[in-house]
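Below you'll find the structure, written out as structure tokens, and then a few comments.
Chains as they are written, first to last, in my numbering: chain Z, 113 to 372; chain V, 294 to 553.
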């Protein structure tokens, strides 16, 4: 009997812990959204973050998209060849990149690069009392530190996804034309035919949602960091893992909502 | 910043409104009671040192006064106005009274020294560059630093220089209350002596009220007129700094003897 009670108590504690954590995150998100919408705004800080998230992520995003687009074309060519459907390469590269791979790969790459950096920077600021110093100097940490990151994440991810989609499709075209023997003009004509407005919009919506979660979770875990260097390390890991999970989960939800 | 009016009691004698007043302040973390009914008054122009061993709640008390932590019960008045229970906007307004020197300096890593020093004047914005650089140079000179540090990042400065730059930042907006959290921790005796003298000079020059959190007896004797001893979450002794050696309190005697 005692064992069952103990097990139930442990289960109860875990459930309460999950709900308490979710509640803290929702309250944090509400505070950040309010700070992002209500003046004063820090445009200098916003442009700085837009450059950090957008411009400096371009090399990694571009390379990832290029290699993935090319590999996708090769796989579709080999796989499709079994069903005499090798000619579907341009169409499936377009669908694959725009609908799924572009947004998800950009989301994951930027999460690895940016969520970790945000958590580490804010975590270090927390444990070295820089966030307390901001408050004593009458600057709201939510407005000065977090809102610019959240807005920059939401604005920059769609731009990065557009770039990644273009580069990924180009990677497929380069491989198809140079290795698989496709005609360049015909490949591009098929590609244009299969680019659909709704897919494009869905990709941008997905990207904005991913940008929101990357910035929110990076800042949330950094802001709540405690316990010196080890605490900052743990916050960074939590930020990356939780943003990966939220990217993949929200991607599934949006895909099911549109295509389900 | 509001002027502090003198209250006239019935006997006609002026009784100054304390700049800081803590009334029965309690704060716990889980089951650990950190502040257990703290009562303390600091009048205008007074320099108080709060002493006590590690983990006695000195820094928690300071954070409660600054509104960075919310006490579980009790009230805190700043220049007669309640900090506890005040709206975020009112708390931010009340914080204009304070200048705070954090234990590790807490300079913002991402900003050059001149922007750190003028942070309270610009609200964290980058405008009025020429004017603010001149102002920063003047403040840095006041704490014994030259213009060559203006464009350096905090990480390029030694510990002592960081403390001085942080001191310049704390006094930039001419606050009427100065807080010093362990101002000499981590400094060699010569540098600690210099920082102590600098604090005494600045407090006198500005006519500010000062509260110093320290466990350094030499520092407390140099800086403070009055000393309050915090032990197990309560103020167990409060008297002139000159009476520390004959306080008549066993715990204070042990503390003084143990350190000397």
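Yeah, the Cβ is synthetic: ideal placement off N, Cα and C, and Gly gets one too.
- prompt: Along chain V, which residues have their Cβ under 9 Å away from the Cβ of residue 256/Z?
  reply: In the first chain, the residue the question calls residue 256/Z occupies position 144. Going along chain V in sequence order, the residues near residue 256/Z (Cβ under 9 Å) are 416, 417.
* Asked: Near residue 286/Z, what residues of its chain come up, given a Cβ to Cβ distance below 7 Å and the 5 sequence neighbours on each side ignored?
  -> Here residue 286/Z corresponds to residue number 174 of the first chain, with the count starting at 1. Answer for residue 286/Z: 182, listed in chain order.
Considering only C-alpha positions, which residue in the set 121/Z, 151/Z, 165/Z, 148/Z is nearest to residue 223/Z? The residue you call residue 223/Z lines up with position 111 of the first chain. Residue 223/Z has its Cα closest to that of 165/Z, out of 121/Z, 151/Z, 165/Z, 148/Z.
Quick check on this structure: which residue in 436/V, 368/V, 369/V has the alpha carbon closest to the alpha carbon of residue 563/V? Missing from the structure shown is residue 563/V; chain V here goes from 294 to 553 and no further.
- Given 8 Å as the limit, is there contact between the stretch 463-476 of chain V and the stretch 446-455 of chain V, that is, 3 or more CB pairs closer than that? no
Worksheet item: residue 318/Z bridges to which residues according to DSSP?
Response: What you label residue 318/Z is simply residue 206 of the first chain in a count that begins at 1. DSSP, once it has assigned bridges, lists no residue as partnering residue 318/Z.
Which residues in the same chain as residue 312/V place their Cβ atom closer than 6 Å to its Cβ, once the five residues preceding and following it in sequence are excluded? As a working mapping, residue 312/V is identified with position 19 in the second chain. The residues are 335, 337, 372, 470, 502.
Please list the terminal residues of the continuous alpha helix (DSSP H) segment that includes residue 128/Z.
The sequence position of residue 128/Z within the first chain is 16, counting from 1. That run of the alpha helix (DSSP H) goes 114-149.
> Shortest alpha-carbon distance to residue 364/V belongs to which of 421/V, 381/V, 331/V, 516/V?
Replying inline: Counting from 1 along the second chain, the entry for residue 364/V is found at position 71. Residue 331/V is the option with its Cα nearest to residue 364/V.
Taking a contact to mean a Cβ-Cβ separation below 7 Å, would you say residue 505/V touches residue 342/V in this structure? In the second chain, residue 505/V corresponds to position 212, counting from 1. In the second chain, residue 342/V corresponds to position 49, counting from 1. It is a contact, given that the beta carbons lie within the stated cut-off.
**Item:** Identified DSSP bridge partners for residue 320/V
**Value:** Here residue 320/V refers to the residue found at position 27 of the second chain. DSSP, once it has assigned bridges, lists 328/V as partnering residue 320/V.
**Extent of the continuous alpha helix (DSSP H) to which residue 356/V belongs** = As a working note, residue 356/V is residue 63 in the second chain. Residues 351-358.
Q) Excluding sequence positions up to five away, which residues of its chain have a Cβ less than 7 Å from the Cβ of residue 312/Z? A) Taking the first chain and counting its residues from 1, the one referred to as residue 312/Z is at position 200. So the qualifying residues of the chain are 210.
Next on the checklist: Quick check: what's the CA-CA separation for residue 345/V versus residue 524/V?
Outcome noted: The count along the second chain starts at 1 and reaches residue 345/V at position 52. The count along the second chain starts at 1 and reaches residue 524/V at position 231. Their backbone Cα atoms lie some 6 Å apart in a straight line.
| said: Measuring CB atoms only, is the stretch 536-548 of chain V touching the stretch 374-391 of chain V, in the sense that at least three cross pairs come out at less than 8 Å? | reply: no
Candidates 428/V, 368/V, 388/V, of which the one nearest residue 333/V by Cα
As a working mapping, residue 333/V is identified with position 40 in the second chain. Ranking the options by Cα distance to residue 333/V, first place goes to 368/V.
| said: I need the straight-line Cα distance from residue 414/V to residue 131/Z, nearest angstrom please. | reply: To locate residue 414/V, count along the second chain from 1; it is residue 121. To locate residue 131/Z, count along the first chain from 1; it is residue 19. Approximately 41 Å, taken between the alpha carbons.
Determine the closest residue to residue 368/Z out of 260/Z, 352/Z, 212/Z, with distance taken between C-alpha atoms. Walking along the first chain from the start, residue 368/Z turns up at place 256. Comparing Cα positions, the closest option is 212/Z.
### Task
Starting from residue 249/Z, find everything on chain V with Cβ-Cβ shorter than 7 Å and list it in chain order.
As a working note, residue 249/Z is residue 137 in the first chain. In chain order: 412, 413.
Task: Below-7 Å beta-carbon distance, residue 212/Z vs any chain V residue - done: As a first step, residue 212/Z is located in the first chain; it is residue number 100 there, counting from the start. No, residue 212/Z lies away from the interface with chain V (no Cβ there is under 7 Å from its Cβ).
CB-CB length for residue 339/V against residue 518/V, believed under 8 Å
Mapped onto the second chain, residue 339/V falls at position 46. Mapped onto the second chain, residue 518/V falls at position 225. About 6 Å; that satisfies the 8 Å criterion.
Selection of the stretch 418-440 of chain V by Cβ proximity to chain Z, strictly under 8 Å
418, 419
Might you give, ordered along the chain, the residues of its own chain that have their beta carbon closer than 7 Å to the beta carbon of residue 273/Z, omitting 5 neighbours on each side?
Start at 1 with the first residue of the first chain, and residue 273/Z comes out as number 161. Hits under 7 Å: 214, 215, 218, 315, 316, 319.
**OP:** Give the DSSP-derived three-state secondary structure of residue 508/V in the structure shown.
**Re:** In the second chain, the residue the question calls residue 508/V occupies position 215. DSSP places residue 508/V in coil when its eight states are reduced to three.
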